[in-house]
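Read in order, the letters of the sequence shown correspond to residues 127 to 513 in our numbering.
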Amino acid sequence: MKTALWLYMFLFLAFFDLHAQYPVLTPFAISLGAAPAFIGWMMGIYALTHLPGNLIAGGLIDRHGSRRYIIFSLTAAGIVLLLQAHVQWPWQLLVLRSISGFVLAFLSPACLALLASLSRDPVTQGKYMSGHGVIHTLASVLSPAAGAFIVANTGFSGTFQSLGWLLILTGLMAYLSLPKRAPVPANSASPETGDKKETDARLPFSLRLYLLPFAIACSQGILFFEIPLRESGKASILSTGLLFSVVSLGALITLCMLFLNRYEPYPRVAFGMLGFALCFYALAGIGQIPLTAILFILGLCKGILFPALSSLFIELSGGTRLGRVFSYQSIAMSLGSFAGPIAAGQLRAFISPYFIAFVLLMVVLMLLPNQRRPVERIRPADQPIST
């Protein structure tokens, strides 16, 4: 439990730092002279460069554990932000965002695998996933408005420097606080044993399930692209930050309902996906409903969906190869986060990007395979591997 508490604190600081950039990046790119299409590529390239990092992370986390990759990801991302404070041309921002996408690709699968390995009980693992979601969402409630406030008082350069030092400090705290001997995901092989299982990348469920995180990330990427550009890009940074906080506030409410973990993850995922899709339909075509109300309901659905999705992957994997399970999830989300802003930037003159998100979510929901029976769970190794 002590490790979980430390990890939650590091996650809060990291997510606070990262989400504080959401209302800042688009205005910053516009100030550098970037066009909307370029901004779409800038946001998408961050997700695209997640892919090689995710591919590398899965096997390494299963072999060595999560600690070193959490520290590397936080520290390297902080250094990139310090460099971002001195950007003067759009292409420089594009390059730094691509580097940031690579180094941060290790963070999410490492944290999720470490949390899942702290318990063998599915309900407790579900609570850890909900706790991860609560921390993530609590940070995202506060950080967009905080980022807008910081940039209003210190400018873009001061904001990126502050956020960069915060990430570096968080990486240092993780180095000093996370145990050097931490549990590794189940069915992981020790480097000394040479167990052939360590190279087995097969998963005991249909890869079609990864369409779920792809569609979710794609729709979120569209939302993050469109909200700052409302009112022809003339909306204030502060109002944009507050709207992002409304989404996070809704998610925080349902994430705190820990009794939801008693229900099977499959119906929770299906219900959350349906609510997500209907919210995007409302954003696309129902002008009578206030924007804040739609975003709040979207957040409620998000709070149901994300821990349920992680619990579903843990359940269906039987607690094995968690590094690969969550790295593949991150890959799917990276592809979605790349495709969403790109599609929005290229097609927004012809069709509402929100409607694209609605159609995608509904198609994936209809294709959702009914894999509800968990495989036999394998106990984690009793002897943890030294990191």
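Glycine included, every Cβ here is placed at the ideal spot set by N, Cα and C.
Computed from a predicted model, the values in this text were never measured in an experiment.
query	result
Where residue 188 sits in the DSSP three-state scheme	helix
Supposed close pair residue 332, residue 487 - CB separation, criterion 8 Å	Not quite, the Cβ-Cβ distance comes to about 19 Å (not below 8 Å), so this is no contact.
Range of the contiguous alpha helix (DSSP H) that encloses residue 132	128-145
Contact set for residue 376: own chain, Cβ-Cβ below 6 Å, skip 5 residues either direction	422, 425, 426
Rounded separation between residue 451 and residue 433 - CA only	15 Å
Exposed unless 16 or more other CB atoms sit within 10 angstroms - verdict on residue 161	exposed
Alpha helix (DSSP H) segment containing residue 472, residue limits	448-473
Exposed unless 16 or more other CB atoms sit within 10 angstroms - verdict on residue 441	buried
Close Cβ partners of residue 379 (< 7 Å) along its chain, the five nearest in sequence each way excluded	426, 429
Contact belief for residue 337 with residue 485 at Cβ below 8 Å, rounded distance in angstroms	Going by Cβ atoms, the distance from residue 337 to residue 485 rounds to 14 Å, so no, they are not a contact pair.
Validate contact between the region 168-175 and the region 287-298 using beta carbons, cut 8 Å, 3 pairs	no
As assigned by DSSP and simplified to three states, the class of residue 214	coil
Which listed residue (227, 223, 479) has its alpha carbon closest to that of residue 179	227
Residue 229 and residue 266 closer than 8 Å at C-beta	no
Cβ pair residue 418, residue 349 closer than 8 Å	no
Per-residue burial, residue 367 [other beta carbons within 10 Å of its own, 16 or more giving buried]	buried
Proximal residues to residue 274 (C-beta, below 6 Å), its chain only, five neighbours per side dropped	149, 363, 364, 367
Other residues of its chain near residue 175: CB distance less than 6 Å, five sequence neighbours each side excluded	224, 227, 228
Neighbourhood of residue 158 by C-beta, 6 Å cutoff - its chain only, sequence neighbours within 5 removed	216
As assigned by DSSP and simplified to three states, the class of residue 389	coil
Backbone CA spacing between residue 347 and residue 355 [nearest angstrom]	13 Å
Supposed contact pair residue 236 and residue 196 - C-beta distance, whole angstroms, cut 8 Å	5 Å
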